[in-house]
Structures are given as C-alpha cells and as structure tokens.
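Numbering-wise (the UniProt record's numbering), the sequence shown opens with residue 1 and increments by one. Backbone N, C-alpha and C fix where the C-beta goes; we use that ideal spot for every residue, glycine too. Predicted model only: the values in this text are computed from it and were never measured.
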Amino acid sequence: MDIEFFKASELDGNIKATIHANGKLGFNRNAEKKLNLESVKTVKIGRTKEYEKDRNLFLITTETDDVDGFAVMKSGSYFYANTRSLFDLLGEDYENVKVIYDIVEIELNGQKIFKLKRRTLERKKGESEIEE
C-alpha cells in the first residue's frame, strides 16, 4: 500500500476576515498572505441577488486606488478596511455578534475573486479583535 501524506505547510490555512465591534473588517495573517495585502490599495466587496438567503459576500483586490472600493489600511502588522457603513447598510449586528468570513478563492468569468463565507459566534465582552 502506497500512502501519500498531505503537507500542512503547502495548504492554505485558516484564511478569514472578521468584522470588529467598530465595524472594520480585519484580516488574519493567512488572509494577508493569500490576498497579498502588502500591495493592495483597495478591496471591492459585492453580493449576489441571493444575499438574503446565504449572506455570503465576494471580494476583489485592486493595486490602485479605486473610489468604489474600501481602502486597505495597516496598523502595525495588521491589515483592515473601514467597512462600517457597508455593514450598517447590510444590517449586521457586529457590536453584539462576531461575524467571521472564511475566505475561499474562486474563479468567476475567468477572473480570480474571493468568496467570503459567513458564520457567526456570540461576541464576548472584552474579547480581543485580532485573531491569528
């Protein structure tokens, strides 16, 4: 029997973004690498017509400033986008509910985009916002 073992170092780890209690969308270190955030100026976020049913979002990155995108900022070694107005529009209760998006790369019409698969957890008082 010939067994081939998977190499964890070659797999994309826990790639995610979390809406902070202040409405900013923060990216973990794996997302920083996968999205190449060091060279990204803005992220554009969209949804499908079925959004109310699945609550998933879609994201593309741009290496130039785009007035229709959200500027990617860096604080220390941490990347985020100020998305409060977007999540207010979408009715997200980010102050009381921890909204996490697992990020998966997909291809749509020949273009690489990222699907943000939504999940939620109860937000605990005093919980750290930055996750690895």
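Buried/exposed call for residue i, threshold 16 Cβ in 10 Å
i: Asn28; result: buried
i: Ala8; result: exposed
i: Val67; result: exposed
i: Gly110; result: exposed
i: Gly91; result: exposed
Alpha helix (DSSP H) segment containing residue i, residue limits
i: Glu52; result: Tyr51 to Asp54
Residues that DSSP places opposite residue i in a beta bridge
i: Ala71; result: Thr42
Distance cut-off 7 Å: residue i Cβ against heavy atoms of the ligand FAD
i: Asn28; result: In terms of ligand content, the structure shown is empty, and the ligand FAD therefore cannot be addressed.
Rounded straight-line distance, which links the Cα of residue j to that of residue i
i: Glu4; j: Thr48; result: 39 Å
i: Asp88; j: Ile19; result: 11 Å
i: Ile11; j: Leu35; result: It should be pointed out that residue 11 corresponds to Leu in this sequence rather than to Ile. Those two C-alpha atoms are separated by around 15 Å.
i: Ala71; j: Leu25; result: 11 Å
i: Arg84; j: Ala21; result: 9 Å
i: Leu116; j: Asp102; result: 6 Å
i: Ile113; j: Ile106; result: 6 Å
Start and end residues, beta strand (DSSP E) containing residue i
i: Leu116; result: Gln111 to Glu122
Worksheet item: Taking contact to mean at least 3 C-beta pairs separated by less than 8 Å, is the stretch 34 to 46 in contact with the stretch 59 to 74?
Response: yes
Item to complete: Would you be able to state if there are at least three C-beta pairs under 8 Å between the stretch 65 to 82 and the stretch 91 to 105?
Response: no
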